[in-house]
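Structure (structure tokens):
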């Protein structure tokens with residue numbers, strides 16, 4: 308999906324909501340826990356209930372890998388289902404990969420290649436290994452790298468905020484350097500919502516880029532704060548909510564409950580767009 | 308595998324060689340390229356030919372993920388085969404994962420859990436997200452986290468060598484901080500062989516830890532240099548070679564050729580032990 312298509316989708320749905328598919332077998336409603344394809348059936352119901360309210364889905368790869376080959380089989384079923392729909396939606400492999408150039412090429416192939424098993428629109432990448440670890444994710448037309456800049460966890464303070472000898476925190480150095488590796492058409496950034504005030508700093512460095520903002524809801528971030536500091540003329544935000552939506556109910560009404568929670572966020576988003 | 312068991316294995320085999328299973332379908336010998344399980348059959352032959360000469364195998368996950376579910380199926384076959392052997396060997400999932408705590412827990416389960424599909428002894432982890440992204444990999448008894456400190460690629464210069472306001476490069480800060488997250492029994496470090504002279508700095512901070520050193524051979528590092536700066540009283544090194552061993556020949560004699568190249572490195576290692 309190109310930048311222009313994403314912006315059109317945001318305006319058409321009046322939403323910049325990303326639904327995180329952190330699907331945990333232990334949290335499935337009882338009637339799905341006994342199904343062989345319970346993870347997929349859960350995801351399909353969540354997607355059917357929320358697709359008109361959101362613009363993106365973000366499966367967290369760890370949740371599928373933790374189930375071994377069977378989890379990845381159900382991730383593929385989920386992606387096949389999304390691709391079979393007549394409705395456009397942006398997809399994010401939340402994979403946090405990154406390795407030397409010839410290895411990153413293979414991770415890009417694994418998740419972004421249109422002929423591969425998954426065919427995501429984008430994937431999250433860790434910057435520690437630098438330019439050649441990131442660039443292979445920028446070469447697929449209409450596909451995106453989403454680079455970790457500032458994450459929403461406690462450990463973000465360990466290195467991301469470390470200032471160099473010029474007083475520049477590492478996350479800002481990552482933003483600055485990465486502008487040489489990609490552009491606003493193929494690179495976004497992860498910026499945690501729990502540090503919303505730092506979004507002004509982020510916007511100073513990458514004013515036009517899309518930001519993927521996790522951590523709204525269960526992780527404690529505020530949508531209002533994120534919008535105040537993060538919105539730009541093209542919206543420029545994808546705000547993720549996972550647990551607050553997909554586990555809104557653990558009964559047979561889980562999909563309706565998810566739609567209700569997604570609608571609350573979508574309405575707030577419509578108001579600011 | 309515990310630290311003591313690993314040290315015993317190194318002395319028994321007179322080797323600290325790790326063979327990187329970066330298995331690429333395009334580089335398989337012609338007679339295996341036409342097999343459904345060609346990747347596994349290649350790996351099995353390499354393992355049979357080299358297991359008396361090395362102490363560790365390191366599948367690079369990207370090579371398997373690039374082939375989708377079928378690649379991961381053959382990775383599982385490879386791990387099942389290694390576990391079926393009567394000979395001990397250390398296994399490394401070269402996965403470069405790392406995410407917020409509750410997600411890292413799932414990556415740990417995916418690769419380290421003895422009841423999972425893969426049951427590796429260890430996995431490589433990127434440090435960018437800090438303490439809570441790393442600690443979940445340290446809780447499985449006898450299993451290891453191998454933290455990226457200094458990598459062997461060009462992009463390593465982008466952030467890993469950035470000095471903070473005290474003049475400490477990021478990779479040294481990673482080493483220092485990580486000592487709070489694990490110990491010599493459950494944490495190793497990736498240190499690229501192309502920067503062998505920096506091994507003295509690494510050894511100053513983590514004198515007793517094992518180091519996984521990639522980049523010897525095809526990536527240009529010298530075994531002699533690595534040993535000079537990196538060896539400690541317990542050996543403390545796992546030196547990886549991938550392409551130089553597994554692609555020594557692309558004919559039907561590929562396994563014998565791999566054994567020959569592995570033996571060259573093993574003999575040099577025996578001489579320094």
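Residue numbers (our numbering), protein chains in the order written: chain F, 308 to 580; chain B, 308 to 580. For every residue, glycine included, the Cβ atom is placed at its ideal position computed from N, Cα and C.
Boundaries for residue 404 of chain B: no alpha helix (DSSP H) harbours it, while the beta strand (DSSP E) harbouring it runs 397-404, taken from the DSSP string. If you compare the alpha carbons of F:330, F:360 and F:331 with that of residue 322 of chain F, the shortest gap goes to F:360. Look at residue 413 of chain B: its C-beta is under 8 Å from a C-beta on chain F.
For residue 536 of chain B, the enclosing alpha helix (DSSP H) begins and ends at 530-537.
DSSP places residue 498 of chain F in the strand class (E or B) of the three-state scheme. For residue 460 of chain B, the nearest CB of chain F lies under 8 Å from its own CB, placing it at the interface with that chain. Residue pairing of residue 366 of chain F in beta bridges, as defined by DSSP: F:328.
Closer than 8 Å to the CB of residue 352 of chain F there is not a single CB belonging to chain B. Contacts between residue 520 of chain B and chain F, judged by CB atoms closer than 8 Å, are missing: the closest CB pair is about 14 Å apart. For the pair residue 396 of chain F and residue 352 of chain B, the Cα-to-Cα distance works out to about 44 Å.
DSSP, read as helix, strand or coil, puts residue 426 of chain B in coil. When secondary structure is reduced to three states using DSSP, residue 456 of chain B falls in the strand class. When only Cα atoms are considered, residue 406 of chain B and residue 311 of chain F end up about 30 Å apart. Residue 470 of chain B reaches chain F at 471 and 472, counting residues in chain order whose Cβ is nearer than 7 Å. If you check each beta-carbon in the segment 368-387 of chain F against every beta-carbon of chain B, the ones closer than 7 Å belong to 369, 370, 372, 373, 375, 376, 379, 380 and 383.
Burial is judged here by how many other beta carbons sit within 10 angstroms of a residue's own beta carbon; residue 337 of chain F has fewer than 16 and is exposed. With respect to the 8 Å criterion, residue 403 of chain F and residue 547 of chain F are not classified as neighbours on the basis of their beta carbons. Between the segment 450-457 of chain F and the segment 488-496 of chain F, the count of C-beta pairs closer than 8 Å reaches three or more; the two stretches touch.
The C-beta of residue 440 of chain B comes closer than 8 Å to at least one C-beta of chain F.
Per DSSP, reduced to three states, the secondary structure at residue 360 of chain F is coil, with no helix or strand assignment. Relative to residue 347 of chain B, the option among B:381, B:315 and B:317 whose CA is nearest is B:381. The three-state reading of DSSP puts residue 312 of chain B in helix, counting H, G and I together. Assigned with DSSP and collapsed to three states, residue 348 of chain F falls in helix.
Residue 324 of chain B has its alpha-carbon roughly 7 Å from the corresponding atom of residue 572 of chain B.
Residues of the segment 483-494 of chain F with a Cβ closer than 7 Å to any Cβ of chain B, in chain order: 484. Sorting F:528, F:489, F:531 and F:502 by C-alpha distance to the C-alpha of residue 513 of chain F places F:489 at the top. Residue 512 of chain B has a beta carbon lying at 8 Å or more from every beta carbon in chain F. Counting C-beta pairs closer than 8 Å gives three or more between the segment 410-419 of chain F and the segment 369-378 of chain B, which meets the contact rule. Taking a C-beta distance under 8 Å as the contact criterion, residue 436 of chain B and residue 539 of chain F do not qualify as a contact pair. Distance check between residue 484 of chain B and each of F:463, F:472, F:569 and F:433 places F:463 closest, using alpha-carbon atoms only. Contact between the segment 562-576 of chain F and the segment 474-483 of chain B is not established, with fewer than three Cβ pairs separated by less than 8 Å. Apart from sequence neighbours up to five positions away, the residues of its chain that approach residue 443 of chain B with a beta-carbon distance below 7 Å are 408, 411, 412 and 415, ordered along the chain. Chain-order list of chain F residues neighbouring residue 436 of chain B: 403, 433, 455, 458, 460, 462, 463, 465, 466 and 467, by C-beta distance under 9 Å.
Residue 559 of chain B is classed as exposed because its beta carbon has fewer than 16 other beta carbons within 10 Å across all chains shown.
The three-state secondary structure of residue 407 of chain B, taken from DSSP, is coil.
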